[in-house]
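Using our numbering, read the sequence shown as starting at 1 and increasing by one per residue.
Even glycine gets a Cβ: it sits at the ideal position worked out from N, Cα and C.
Source: prediction; values computed, not measured.
A quick write-up on the structure given underneath.
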Amino acid sequence: MYEAFFHLQETPFSIAPNPHYLYMSQQHNEALAHLVYGVGRDGGFVLLTGEVGTGKTTVCRCFLEQIPDDTDVAFVLNPKLQVEELLATICDELSIPYIGDSISVKDYIDCINGFLLRQHAQGRHTVLIIDEAQNLNSDVLEQIRLLTNLETHEKKLLQIILLGQPELQEMFRQPELRQLSQRVTARFHLNALGEDEVGPYVYHRLTVAGAVDPKAMFPVATIRKLYQISKGIPRIINLVCDRAMLGAYAKETRVIDGHILGNAAKEVLGYKVYAPAKSTRQKWLPALIGGAAGFAIMVLVGLSYWMGVSQHEAPHEVAEEADSNAAEPVADIAAAAAKEPPPPPAILKQANIKSATEVVPEAAAQQSSLLSLDQVFELADHQQDADAYRDLFSAWGIPYDPAENGMACPYAESLGLACLS
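Right under this line is the structure:
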């Protein structure tokens, strides 16, 4: 759709494993070398593993274009098969004739063995490639191992290449598969692209597709953001870049900036998968709320204690107007308030606040000069307010949803709690 607008000959970011678009990073080059080396050996297994979307199949397709003419290949794409089905698939891939649909495993093996011997006599080699090999069950894996027993005095007749996710490596570490693991002659694991490789990867694909100036289409800042989004996974890079170019085409611009790339990532990966990094304001907001709440509680307790001490000292200054014993209940209450541990931040039990105001009625007036939680919350967006209140309620083990429970303070009062103000 957008190829003509960007002056391209074809789509640059297809997720099909097209070997012509393979970016030969250092590790992809090593992976290809392992496959070529493995085929040159006399039998055994070659393992190529990697995370989803790192380019295993594309490397294998590139390898298939480089194999010698004297090599026959059986490529199994669907490994979720039973033993008989796998053997039948191998026969079909190699054009090995077999009779009937109810032949035994031995019949399949005899057909395959006869084919391999004939190919060996003609100086030809045979390679079996199984993609998504982590889906193979243990019985099928054992049968594959037995296929490597087909041999002459000089060499193995069948070379086997297994492509799979990291789980395949774990399977080969199992004790019951130790015989299979000992026959692996080459292993390689593909990792995601590094940050310094994402730009060359994107520019390579654009150049192959016919772009004249790919760096003008994807500036350095966009490439940097692309790495943060994709974590260097080639398939995710392709998906996001393809959607970003479509978005740029819709806006009639030939430059993919960070905004277009971010929107493309949300459309392809979903908002929960791709979430921009928190702003500085969002990072310091929890600390500000926690600090203000803790400060307010300390001042409340401190005022209670100070007022209690003041009333305790008053009878000594004017002994003729009041009995000194009258100050003892006040001092006891103030001392208890000072020793009692403060409740969780920002929301206090209603009974605690009521008892404090009865002893020191002027304390509430003095607290008005403090920074209230509502004033703190006004510094942030409404969404951050709701998150902060939700965390505060959770300290009391109370669920809070602004949509269902309404304003935080009235809801707290209905539960016997109160907001500091």
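Segment limits, beta strand (DSSP E) that includes residue i
i: Ile130; result: His125 to Ile130
i: Asp92; result: No beta strand (DSSP E) holds Asp92; the alpha helix (DSSP H) holding it covers Val83 to Glu93.
i: Leu190; result: Val184 to Leu190
i: Leu77; result: Segment: none, Leu77 is in no beta strand (DSSP E) and carries neither H nor E.
i: Ile160; result: Gln159 to Gly164
Continuous alpha helix (DSSP H) stretch holding residue i: start and end
i: Arg205; result: Glu195 to Val208
i: His120; result: Val105 to Ala121
i: Arg178; result: Arg178 to Ser181
i: Ile229; result: Val220 to Ser230
i: Leu168; result: Glu167 to Phe172
i: Ser459; result: With the chain running from 1 to 421 in the structure shown, residue 459 is simply not present.
i: Gln9; result: First-last for Gln9: undefined, no H or E at that position.
i: Pro175; result: Segment: none, Pro175 is in no alpha helix (DSSP H) and carries neither H nor E.
i: Glu154; result: Unbroken run through Glu154: none, as it is neither H nor E.
i: Val140; result: Ser138 to Leu147
i: Met1; result: From DSSP, Met1 is part of no alpha helix (DSSP H); its letter is neither H nor E.
Straight-line gap, residue i to residue j (C-alpha atoms, nearest Å)
i: Ile109; j: Val59; result: 30 Å
i: Val36; j: Phe75; result: 16 Å
i: Cys62; j: Tyr400; result: 56 Å
i: Glu195; j: Arg254; result: 24 Å
i: Ile260; j: Lys56; result: 29 Å
i: Tyr510; j: Tyr2; result: Absent from the structure is residue 510, since the part of the chain shown begins at 1 and ends at 421.
i: Gln182; j: Ile144; result: 14 Å
i: Tyr389; j: Glu85; result: 60 Å
i: Asn78; j: Val140; result: 13 Å
i: Arg205; j: Pro214; result: 9 Å
i: Ile237; j: Val105; result: 44 Å
i: Pro410; j: Ala403; result: 14 Å
i: Lys155; j: Ala221; result: 54 Å
i: Ile256; j: Met217; result: 6 Å
i: Ser25; j: Ala408; result: 55 Å
i: Phe13; j: Leu193; result: 16 Å
Distance CB(residue i)-CB(residue j) smaller than 8 Å
i: Thr89; j: Asn191; result: no
i: Val212; j: His7; result: yes
i: Phe172; j: Glu30; result: no
i: Thr148; j: Gly38; result: no
i: Gln134; j: Asp72; result: no
i: Leu446; j: Leu163; result: The structure shown does not extend to residue 446, since the chain is modelled only from 1 to 421, so the question has no answer here.
i: Thr11; j: Ala209; result: yes
i: Lys225; j: Gly270; result: no
The ligand PLP heavy atom lying under 7 Å from the CB of residue i
i: Val198; result: As presented, the structure is devoid of all ligands, the ligand PLP included, so that no description of it is given.
The stretch 125 to 134 touching the stretch 11 to 23, judged by at least three CB pairs closer than 8 Å: No contact exists between the stretch 125 to 134 and the stretch 11 to 23.
Stretch pair the stretch 198 to 218 + the stretch 160 to 169: three plus CB contacts closer than 8 Å: Judged by Cβ distances under 8 Å, the stretch 198 to 218 makes no contact with the stretch 160 to 169, as fewer than three pairs qualify.
Touching by the beta-carbon criterion (3+ pairs, under 8 Å), the stretch 256 to 269 and the stretch 231 to 245: Yes, since at least three Cβ pairs between the stretch 256 to 269 and the stretch 231 to 245 fall closer than 8 Å, the two stretches touch.
Alpha helix (DSSP H) runs contained entirely in the stretch 237 to 269, provided each spans 4 or more residues: Whole alpha helix (DSSP H) segments, 4+ residues: 258 to 269.
Whole runs of the beta strand (DSSP E) within the stretch 12 to 73, excluding any shorter than 3 residues: Within the stretch 12 to 73, the runs of beta strand (DSSP E) that reach at least 3 residues and sit entirely inside it are, in chain order, 44 to 50.
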